[in-house]
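Undergrad:
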């Protein structure tokens, strides 16, 4: 089936650092979305992108829809403890309503 | 606001037993989804309902059935549980199936022995 390659798999960061993660695919998507999942909970939508080249911010989070429509990145600036969790990218193909999900990036803040 | 409510939150089954996971949303959303999440993997779509009265298979539908009971409720049934179905199951809903903007429940952790 379709796959998204999400990297890195995990990140150990210091509080206050900036974070960057990305997703790539061999397929063209018409929508890219970024979700965050806290332990024991369902994913929560952070940012949705609908147009190639689109750059969207949500507080300290910034995400971009790649110009080729095959990739997207998420940046978190000045990380804080509550940023820990698993971040998922998801893409929606033109052909149907199904989302294709990345395997997640686990963000851990060093004590 | 309740959002998306799933029951039960935990369940242990023996191989061959059947069970139904219930999901209800109070946001008047049109589309509803059932996903499973396994360690180290992203979410995989089992079935979805783009609108009341329709259901479609997702990526991993084998061993499952669904019912869109009404606009609010979407249930997932395991007729004969297998150990490979041990997973965390998430129900989600969205205003429109075309946007990908989903609201998730808290998950149901199922163990099949």
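Residue numbers (this note's numbering), protein chains in the order written: chain E, 47 to 157; chain U, 16 to 128. Backbone N, C-alpha and C fix where the C-beta goes; we use that ideal spot for every residue, glycine too. Keep in mind that this is a model prediction, so the values were computed, not measured.
Out of E/132, E/102, E/49 and E/150, point me to the one whose CA is closest to residue 74 of chain E's CA.
TA: Of E/132, E/102, E/49 and E/150, the residue nearest in Cα terms is E/49.
Undergrad: Return no unless some Cβ of chain E is closer than 9 Å to the Cβ of residue 55 of chain U.
TA: Yes, contact with chain E.
Undergrad: For residue 120 of chain E, which residues in the same chain have their Cβ closer than 6 Å to its Cβ, ignoring the five residues on either side in sequence?
TA: Cβ within range, chain order: 67, 80 and 109.
Undergrad: According to DSSP, is residue 73 of chain E part of a helix, a strand, or is it coil?
TA: Coil.
Undergrad: Looking at the secondary structure, which residues open and close the beta strand (DSSP E) in which residue 20 of chain U lies?
TA: That run of the beta strand (DSSP E) goes 19-22.
Undergrad: Using a Cβ-Cβ cut-off of 7 Å (strictly less than) and excluding sequence neighbours within five positions of residue 126 of chain E, which residues of its own chain qualify?
TA: Closer than 7 Å at the Cβ level, and outside the excluded window around residue 126 of chain E, lie 61.
Undergrad: Identify every run of the beta strand (DSSP E) within the stretch 22-69 of chain U, keeping only runs that are complete inside it and at least 3 residues long; order them along the chain.
TA: Those beta strand (DSSP E) runs which fall completely within the stretch 22-69 of chain U and span 3+ residues are 25-28, 34-40, 46-52 and 58-64.
Undergrad: Within 10 Å of its beta-carbon, does residue 22 of chain U have 16 or more other beta-carbons around it, so buried, or fewer, so exposed?
TA: By the neighbour-count rule (16 or more Cβ atoms within 10 Å), residue 22 of chain U is not buried but exposed.
Undergrad: Determine the chain A residues that contact residue 112 of chain U at a beta-carbon separation under 7 Å, and present them in chain order.
TA: The structure shown has no chain A; the protein chains it does contain are E and U.
Undergrad: Who are the neighbours of residue 116 of chain U on chain E, taking C-beta pairs under 8 Å?
TA: Going along chain E in sequence order, the residues near residue 116 of chain U (Cβ under 8 Å) are 79, 91 and 94.
Undergrad: Taking the straight line between their C-alpha atoms, what separation do you get for residue 162 of chain E and residue 150 of chain E?
TA: Nothing in the structure corresponds to residue 162 of chain E, since chain E is present only between 47 and 157.
Undergrad: Is DSSP giving residue 71 of chain U helix, strand or coil here?
TA: If DSSP states are grouped into helix, strand and coil, residue 71 of chain U belongs with the strands.
Undergrad: Going by DSSP, which residues form a beta bridge with residue 53 of chain E?
TA: DSSP, once it has assigned bridges, lists E/68 as partnering residue 53 of chain E.
Undergrad: If we define contact as Cβ-Cβ less than 9 Å, is residue 110 of chain E a contact residue for chain U?
TA: Chain U contact via Cβ: absent.
Undergrad: Is it the case that the Cβ atoms of residue 94 of chain U and residue 73 of chain U are separated by a distance below 9 Å?
TA: Cβ distance not < 9 Å, so residue 94 of chain U and residue 73 of chain U don't count as in contact.
Undergrad: DSSP beta-bridge partners for residue 91 of chain E?
TA: Its beta-bridge partners are E/81.
Undergrad: Determine the extent of the beta strand (DSSP E) in which residue 100 of chain U is found, giving its start and end residues.
TA: Per DSSP, residue 100 of chain U belongs to no beta strand (DSSP E) and is neither H nor E.
Undergrad: Which partner residues of residue 91 of chain U appear in the DSSP bridge assignment?
TA: Residue 91 of chain U is bridged to U/36 and U/81.
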